[in-house]
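Quick notes on the structure that follows.
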Amino acid sequence: MKSPPEVNKLISIIPFPRPSVVNPYDTHEIKESTSTEKKNPIKKRSSTIHLTPAVVTDKYELGKKMGDGNFAIVRRSKLRGTEKEFAVKIIDKSKMK
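Residue 93 in the UniProt record's numbering sits at position 93 of the sequence shown, and the numbers go up by one each step.
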């Protein structure tokens, strides 16, 4: 896979599947909340890591494309030597204005 120049890439690595994200279409084991339950807000972690594509491919085994947009591609990946899965978002800065 040929990549554009490394200077035009930003890499974001996110654990997959994200434990704080709930599938709204999953009807199994839906728990109704009560007014006495404490609501915990989802905290957003900064996960943008500025790495060159060569460093990412050394550390992560890139898998199937999960999605793409105007500026980025998201690929499923595994941390080499483990079974930990991540979503790797590759942003092409040259397409941003």
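Quick reminder that beta carbons are idealized off the backbone N, C-alpha and C, glycines included.
How close, in whole Å, do the beta carbons of residue i and residue j come, if the pair is a contact with beta carbons under 8 angstroms?
i     : j    : result
Ile91 : Lys9 : 7 angstroms
State yes or no: is the C-beta of residue i within less than 8 angstroms of the C-beta of residue j?
i          : j     : result
Arg75      : Leu62 : yes
Lys93      : Asn70 : no
Val88      : Val55 : no
residue 98 : Ile11 : Residue numbering for the chain in the displayed model covers 1 to 97; residue 98 lies beyond these limits and cannot be assessed.
Does any residue of chain D have a CB that is nearer than 8 angstroms to the CB of residue i?
i     : result
Ile90 : Absent here is chain D; the protein component of the structure consists of one chain.
Requested in this report: Just list the alpha helix (DSSP H) runs in the segment 47-92, keeping only unbroken ones of 4 residues or longer that don't cross its boundaries, in chain order.
Outcome: DSSP runs (the alpha helix (DSSP H)) wholly in the segment 47-92: 53-59.
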